[in-house]
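Scroll down for the structure; my scribbles are underneath it.
There are 2 protein chains.
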Amino acid sequence: MPTLSVFLDVPLAQKLEGSLLKTYKQDNCPNKMFLAYKVCMSNKGQPWVSSVVRKTRLQIAQDPSLNYEYMPVMGMKSFIQASLKLLFGRHNQVIVENRVGGVHTVGDNGAFQLGAQFLKIWRQDSQAVYIISSRKEPHGLVFQDMGFKVSEYSFWDPKKLRVDPNVLLNVVEQAPHGCIFVIGNTGDCKLTQSQWARLMASMKRKQIFPFFDIPYQGLSTGDLEEDTNFLQYFVSQGFEFFCSQSLSKTFGIYDEGVGILVVVALNNQLLLCVLSQLMTLTRALWLNSPSRGARIITSILCNPALQGEWKHSLKGLVEDIMLTKEKVKEKLRLLGTPGSWDHITDQSGPHSYLGLNSEQVEYLVKEKHIYIPKDGQINFTCINACNIDYITQSINEAVLSIKGSQ
Amino acid sequence: MPTLSVFLDVPLAQKLEGSLLKTYKQDNCPNKMFLAYKVCMSNKGQPWVSSVVRKTRLQIAQDPSLNYEYMPVMGMKSFIQASLKLLFGRHNQVIVENRVGGVHTVGDNGAFQLGAQFLKIWRQDSQAVYIISSRKEPHGLVFQDMGFKVSEYSFWDPKKLRVDPNVLLNVVEQAPHGCIFVIGNTGDCKLTQSQWARLMASMKRKQIFPFFDIPYQGLSTGDLEEDTNFLQYFVSQGFEFFCSQSLSKTFGIYDEGVGILVVVALNNQLLLCVLSQLMTLTRALWLNSPSRGARIITSILCNPALQGEWKHSLKGLVEDIMLTKEKVKEKLRLLGTPGSWDHITDQSGPHSYLGLNSEQVEYLVKEKHIYIPKDGQINFTCINACNIDYITQSINEAVLSIKGSQ
Numbered sequence: 001m002p003t004l005s006v007f008l009d010v011p012l013a014q015k016l017e018g019s020l021l022k023t024y025k026q027d028n029c030p031n032k033m034f035l036a037y038k039v040c041m042s043n044k045g046q047p048w049v050s051s052v053v054r055k056t057r058l059q060i061a062q063d064p065s066l067n068y069e070y071m072p073v074m075g076m077k078s079f080i081q082a083s084l085k086l087l088f089g090r091h092n093q094v095i096v097e098n099r100v101g102g103v104h105t106v107g108d109n110g111a112f113q114l115g116a117q118f119l120k121i122w123r124q125d126s127q128a129v130y131i132i133s134s135r136k137e138p139h140g141l142v143f144q145d146m147g148f149k150v151s152e153y154s155f156w157d158p159k160k161l162r163v164d165p166n167v168l169l170n171v172v173e174q175a176p177h178g179c180i181f182v183i184g185n186t187g188d189c190k191l192t193q194s195q196w197a198r199l200m201a202s203m204k205r206k207q208i209f210p211f212f213d214i215p216y217q218g219l220s221t222g223d224l225e226e227d228t229n230f231l232q233y234f235v236s237q238g239f240e241f242f243c244s245q246s247l248s249k250t251f252g253i254y255d256e257g258v259g260i261l262v263v264v265a266l267n268n269q270l271l272l273c274v275l276s277q278l279m280t281l282t283r284a285l286w287l288n289s290p291s292r293g294a295r296i297i298t299s300i301l302c303n304p305a306l307q308g309e310w311k312h313s314l315k316g317l318v319e320d321i322m323l324t325k326e327k328v329k330e331k332l333r334l335l336g337t338p339g340s341w342d343h344i345t346d347q348s349g350p351h352s353y354l355g356l357n358s359e360q361v362e363y364l365v366k367e368k369h370i371y372i373p374k375d376g377q378i379n380f381t382c383i384n385a386c387n388i389d390y391i392t393q394s395i396n397e398a399v400l401s402i403k404g405s406q
Numbered sequence: 001m002p003t004l005s006v007f008l009d010v011p012l013a014q015k016l017e018g019s020l021l022k023t024y025k026q027d028n029c030p031n032k033m034f035l036a037y038k039v040c041m042s043n044k045g046q047p048w049v050s051s052v053v054r055k056t057r058l059q060i061a062q063d064p065s066l067n068y069e070y071m072p073v074m075g076m077k078s079f080i081q082a083s084l085k086l087l088f089g090r091h092n093q094v095i096v097e098n099r100v101g102g103v104h105t106v107g108d109n110g111a112f113q114l115g116a117q118f119l120k121i122w123r124q125d126s127q128a129v130y131i132i133s134s135r136k137e138p139h140g141l142v143f144q145d146m147g148f149k150v151s152e153y154s155f156w157d158p159k160k161l162r163v164d165p166n167v168l169l170n171v172v173e174q175a176p177h178g179c180i181f182v183i184g185n186t187g188d189c190k191l192t193q194s195q196w197a198r199l200m201a202s203m204k205r206k207q208i209f210p211f212f213d214i215p216y217q218g219l220s221t222g223d224l225e226e227d228t229n230f231l232q233y234f235v236s237q238g239f240e241f242f243c244s245q246s247l248s249k250t251f252g253i254y255d256e257g258v259g260i261l262v263v264v265a266l267n268n269q270l271l272l273c274v275l276s277q278l279m280t281l282t283r284a285l286w287l288n289s290p291s292r293g294a295r296i297i298t299s300i301l302c303n304p305a306l307q308g309e310w311k312h313s314l315k316g317l318v319e320d321i322m323l324t325k326e327k328v329k330e331k332l333r334l335l336g337t338p339g340s341w342d343h344i345t346d347q348s349g350p351h352s353y354l355g356l357n358s359e360q361v362e363y364l365v366k367e368k369h370i371y372i373p374k375d376g377q378i379n380f381t382c383i384n385a386c387n388i389d390y391i392t393q394s395i396n397e398a399v400l401s402i403k404g405s406q
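Protein sequence lines correspond, in order, to chains A and B.
UniProt numbering numbers the first residue of the first sequence as 1 and each following residue consecutively.
UniProt numbering numbers the first residue of the second sequence as 1 and each following residue consecutively.
Below, the structure written as structure tokens:
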């Protein structure tokens with residue numbers, strides 16, 4: 001009997017991302033290169049892994065005392081505690097007052113999925129979300145799929161080639177009352193004390209709920225504490241917030257995606273209520289999150305020697321990033337490429353804007369087989385001794401061929 | 001400035017499960033025991049781990065050629081392929097015709113979460129779900145939380161102390177048109193050929209969508225193929241279906257919860273559409289599922305010697321379960337406990353009904369500190385040489401104190 005398919009009305013889903021990578025993979029040019037990997041790359045063009053990770057992996061595999069039982073629904077307790085200490089510092093007010101907690105989440109989007117589900121249920125009157133453009137995909141889509149109205153913003157001023165704190169202030173001031181504001185790495189957005197005060201006053205007045213996004217603590221400045229200092233402002237002003245704390249990237253265990261949905265509440269009682277609701281959601285979402293990544297990270301964070309070694313490796317990575325940026329700038333200067341390239345070294349972290357316009361980016365992709373996202377934000381760890389000359393010469397060509405719009 | 005909490009209206013969530021385990025943990029009696037663990041226990045009262053797993057873990061940790069890059073959004077390809085071959089057999093029609101596929105899922109509930117999200121969007125006219133009572137929690141709750149109307153059913157006839165295929169047939173015949181039917185382990189539900197034909201005819205006529213639940217292939221009969229033979233009936237009758245294939249339990253890697261949402265469609269084109277939609281959902285749900293569990297399982301399944309060792313260990317576990325059941329029955333017979341206890345050995349797999357009524361169960365919990373769920377379904381791997389005498393004597397006491405209702 002011929003049957004009609006149950007799936008007859010299901011169309012092929014539009015590919016949302018990865019099309020640049022796909023085009024790159026299909027390119028047969030031997031000189032092709034991809035400068036938009038999510039992960040940090042080592043000097044040898046391999047995904048960066050902290051030296052301490054391999055050792056810890058082996059130790060765990062050889063440990064006869066470990067059992068492989070289910071973890072609690074909330075995840076690995078010691079992992080959550082160690083991660084919160086890393087984020088806030090051991091003696092932070094929220095830790096001492098027992099009003100910060102977390103749920104162990106899965107993958108890169110788990111914390112956003114969980115947080116968004118909670119906000120969908122418990123903040124029904126505020127279904128507008130603001131998110132920085134570069135994180136619209138994948139995190140913004142999580143909110144969008146759930147029916148939130150998602151708006152994008154950007155700190156980066158492509159004309160002035162710099163990050164502009166006023167953009168952030170203006171976006172907040174124009175945002176609707178009670179919206180959710182996803183705030184990512186503010187490292188390059190050097191707000192003055194009075195700008196911070198103005199930002200937080202606006203957010204308080206409009207009851208904007210902050211949802212922080214910490215994808216790689218320590219990779220901006222090389223200093224773990226400095227990178228998350230801005231959270232202290234919010235804590236001290238009595239904000240309640242969520243934070244997606246991702247930990248896989250700073251250890252180099254990309255295939256064990258693991259993180260925390262961090263909750264800061266005004267007091268312990270409120271915190272426990274929120275965590276209990278999150279537990280119910282977690283149970284439905286995955287029930288028993290995989291432990292491997294959490295175990296590696298916890299082993300490192302809870303051992304001072306290993307933690308020291310990890311921090312050292314992280315610092316080395318950040319120094320490499322800064323050095324690469326310096327070299328790119330210097331080479332462009334030697335080539336006499338028009339324009340100031342200070343904006344390259346003014347930005348921190350692996351992902352920074354080259355400061356090219358879309359035609360120049362297109363030139364690099366089409367003519368030079370250098371794959372770069374449309375906004376020109378690249379991963380500087382993809383540049384190494386083998387490809388830096390080709391890349392800087394190509395940028396020079398692109399700039400000379402297509403004059404900037406200013 | 002004192003602030004009102006954002007979380008003011010969030011109540012403490014009701015604890016949904018684990019209350020039996022919690023009571024057990026709070027019990028100070030030295031003789032207390034818990035017979036409802038989800039995982040299989042070894043003779044020594046530890047979670048069972050296949051002997052081949054430890055070796056494989058170590059091999060993976062020592063492998064210098066492995067990188068730790070992000071996996072594709074759909075998960076580890078080799079893992080999905082190996083798992084599908086395990087489920088259907090290498091030469092199955094759906095594999096040959098390229099119309100079966102899968103998505104690598106996370107934890108115990110990941111496949112249900114993903115499948116339910118898909119069905120919520122793409123089968124809006126069929127939002128009723130039938131699920132076997134013992135799986136209502138946790139899987140049924142996933143559907144319920146998403147707004148499906150969830151109904152429970154049970155094969156087990158507590159009067160006749162046996163599994164009754166007619167119950168399944170009746171439930172299907174009374175179920176609404178187009179509903180979703182979650183079908184778990186049918187090992188004990190010995191349908192005749194004509195009963196299978198009747199069941200599938202009903203399901204076809206009513207356009208009922210089967211969502212199979214394979215939590216531990218091989219643990220019913222000790223034979224991997226025999227355990228999933230019933231899927232062939234559905235394939236041969238041209239059904240399209242989903243299947244949650246969980247793999248952690250049969251390898252003993254409970255803390256690396258991993259599985260597959262299996263999709264069978266009428267042809268490859270339909271399959272690709274469904275998989276593309278699932279990919280979009282997966283990206284929002286977790287994005288980059290952890291690889292560890294999948295890597296261990298794939299290493300074992302793709303190596304004939306390791307696979308043989310794993311199958312052998314699984315068979316050993318099933319033999320232990322059968323032996324324990326025989327011993328329990330024999331001891332109850334020697335004690336002269338009223339009633340036939342054949343139903344214990346008639347059931348297969350680790351989780352089977354003791355055949356006690358709720359007062360008898362309560363007697364065991366309250367008087368004997370033996371923690372058993374209300375329906376009397378226990379995990380027989382929790383019984384070992386150290387506790388079998390206490391357990392059987394207590395069952396005897398419970399039965400003598402409280403006569404059964406028949």
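All C-beta atoms, glycine included, are put in the ideal place defined by N, C-alpha and C.
- Here B:Lys149 is exposed: its Cβ has fewer than 16 other Cβ atoms, across all protein chains shown, within 10 Å.
- Close to chain A, meaning a Cβ-Cβ distance shorter than 7 Å, are the following residues of the segment 57-73 of chain B: Arg57, Leu58, Ala61, Gln62, Asn67, Tyr68, Glu69, Tyr70 and Met71.
- A:Pro11 has no beta-bridge partner at all, per DSSP.
- Boundaries of the beta strand (DSSP E) around A:Gln377: Gln377 to Asn379.
- As computed with DSSP, B:Ser244 is found in a beta bridge with B:Asp213 and B:Leu261.
- Residue state for B:Arg123 is assigned as coil, using DSSP reduced to three classes.
- Residue state for B:Thr3 is assigned as coil, using DSSP reduced to three classes.
- Note that the segment 271-280 of chain A does not touch the segment 176-187 of chain A; fewer than 3 beta-carbon pairs, one per stretch, sit closer than 8 Å.
- When C-beta atoms of the segment 95-102 of chain B are compared with those of the segment 306-323 of chain B, fewer than three pairs fall below 8 Å, so the two segments do not count as touching.
- Around B:Lys38, the beta-carbon contacts reaching into chain A at under 8 Å are Tyr70.
- Comparing C-alpha distances from A:Ala201 to each of A:Ser313, A:Phe234 and A:Thr186 shows the shortest one belongs to A:Phe234.
- Residues of the same chain with a CB within less than 8 Å of the CB of B:Tyr363, apart from the 5 flanking positions on each side, are Glu397, Ala398, Ser401 and Ile402 in chain order.
- When 8 Å is used as the limit between beta carbons, A:Tyr254 is near these residues of chain B: Tyr68, Glu69, Tyr70 and Asn288, in chain order.
- Within the same chain, Phe34, Ala36 and Tyr371 come within 8 Å of B:Leu21 by CB-CB distance, once the 5 residues on both sides are set aside.
- Residues of the segment 185-201 of chain B that bring their beta carbon within less than 8 Å of a beta carbon in chain A are absent altogether.
- Chain B places a beta carbon closer than 8 Å to that of A:Arg283, counting this residue as a contact.
- Interface with chain B (8 Å Cβ-Cβ cutoff): A:Pro47 is included.
- Cβ neighbours of A:Gly140 within its own chain (closer than 6 Å, five residues either side excluded): Ile131 and Val150.
- Residue burial is scored here from C-beta neighbours: B:His351 has at least 16 other C-beta atoms within 10 angstroms and is therefore classed as buried.
- Per DSSP, reduced to three states, the secondary structure at A:His104 is strand.
- Sixteen is the threshold: since fewer than 16 other Cβ atoms of the shown chains lie within 10 Å of the Cβ of A:Ala385, the residue is exposed.
- For A:Ser42, the closest alpha carbon among the candidates A:Ala111, A:Thr192 and A:Thr250 is that of A:Thr250.
- C-alpha of A:Phe88 to C-alpha of A:Asn109: approximately 21 Å in a straight line.
- Taking 8 Å as the cut-off, the beta carbon of A:His369 is found closer than this to the beta carbon of A:Lys32.
- The straight-line gap separating the alpha-carbon atoms of A:Gln347 and A:Tyr353 is approximately 8 Å.
- According to DSSP, residue pairing for A:Ile370 in a beta bridge involves A:Met33.
- Taking the C-beta atoms as reference points, A:Val73 is found no nearer than 8 Å to A:Leu271.
- Secondary-structure assignment with DSSP links B:Ala128 through a beta bridge to B:Lys149.
- Excluding its 5 nearest sequence neighbours in each direction, B:Trp196 has C-beta neighbours in its own chain below 8 Å: Phe230 and Tyr233, listed in chain order.
- Among the residues facing chain A, B:Trp122 is included, as its CB has a counterpart in that chain under 8 Å away.
- Partner residues in the beta bridge of A:Phe181, as assigned by DSSP, are A:Tyr130 and A:Pro210.
- The beta carbon of A:Cys179 does not come within 8 Å of any beta carbon belonging to chain B, so the residue lies off that interface.
- Taking the Cα of A:Gln62 as reference, the smallest distance to any Cα among B:Lys55, B:Asp63 and B:Leu66 is reached at B:Lys55.
- The Cβ-Cβ distance between B:Gly187 and B:Asp227 falls below 8 Å.
- Looking at the DSSP output, B:Asp157 bridges to B:Arg162.
- Taken in chain order, the members of the segment 4-16 of chain A whose beta-carbon sits within less than 9 Å of a beta-carbon on chain B are Leu4, Ser5, Val6, Phe7, Leu8, Asp9, Val10, Pro11, Leu12, Ala13, Gln14, Lys15 and Leu16.
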